[in-house]
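J.:
Numbering (the working numbering), first residue to last: 9 to 172.
#1: Between residue 110 and residue 116, what straight-line distance do the alpha-carbon atoms span, to the nearest angstrom?
#2: Counting Cβ pairs closer than 8 Å, one from the stretch 15-24 and one from the stretch 138-145, do we hit at least three?
#3: Going by beta carbon distance, what residues of the same chain come within less than 6 Å of residue 27, once the five residues before and after it are set aside?
#4: Give me the DSSP bridge partner(s) of residue 72.
#5: Can you check DSSP and say which residues form a bridge with residue 66?
#6: Can you give the beta carbon distance from residue 66 to residue 30, rounded, assuming they're within the 8 Å contact cut?
#7: I think residue 135 touches residue 80, with their Cβ atoms under 8 Å apart; what is that distance to the nearest whole Å?
#8: Do residue 104 and residue 18 have their C-beta atoms within less than 8 Å of each other?
#9: Whose C-alpha, out of 152, 90, 156 and 158, is nearest the C-alpha of residue 64?
#10: In terms of residues, what are the limits of the beta strand (DSSP E) holding residue 145?
#11: Given a threshold of 16 other Cβ atoms within 10 Å of its Cβ, counted over all protein chains shown, does residue 14 qualify as buried or as exposed?
#12: Measure the alpha-carbon distance for residue 86 versus residue 123 and round it to whole angstroms.
#13: Under 8 Å Cβ to Cβ from residue 59, same chain only, skipping five residues before and after it: list those, please.
#14: Tell me, which residues are paired with residue 160 by DSSP?
#15: If you draw a straight line from the alpha carbon of residue 150 to that of residue 70, how long is it in whole angstroms?
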């Protein structure tokens, strides 16, 4: 979580702009992404219904900076455990990159992306309405979320591009 305005920040100074860290579960809408890929648009569509944060913020001065082991559980069954896998980029590199040519503001969020082995698609396992998701990130807490019913899509059509 960005804690102070940051623009064109160096990697070395990036940590000065971090308020803290928290668990973020950015659930993907694979059905929507699949349709977007037909038109070579995506996955591009933003969604306001499937990103969860919490359960609390660990301030930058309280965290040792070591990436915690991450366990993913569905209905109490462990589906995945990172076992010390590191994100491809450090948070300092991500913040520095995101700040190049634009201003990050307090409260802006940067996500590390999916942890290695943390994607249901890769395991051919799918969540469904009624499931209980848990992301256990050790010192960052356990984020728990229920899976609700799908929203009715009133206008979602995709057509293959026609070329003359």
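Glycine included, every Cβ here is placed at the ideal spot set by N, Cα and C.
T.: Walking through what the data contain:
#1: 12 Å
#2: no
#3: 9 and 11
#4: Paired residues: none, contrary to the question.
#5: 29
#6: 7 Å
#7: With a Cβ gap of about 10 Å, residue 135 and residue 80 do not count as contacting.
#8: yes
#9: 152
#10: Segment: none, residue 145 is in no beta strand (DSSP E) and carries neither H nor E.
#11: buried
#12: 15 Å
#13: 32, 33, 34 and 35
#14: The partner list for residue 160 (beta bridge, DSSP) is empty, contrary to what the question assumes.
#15: 17 Å
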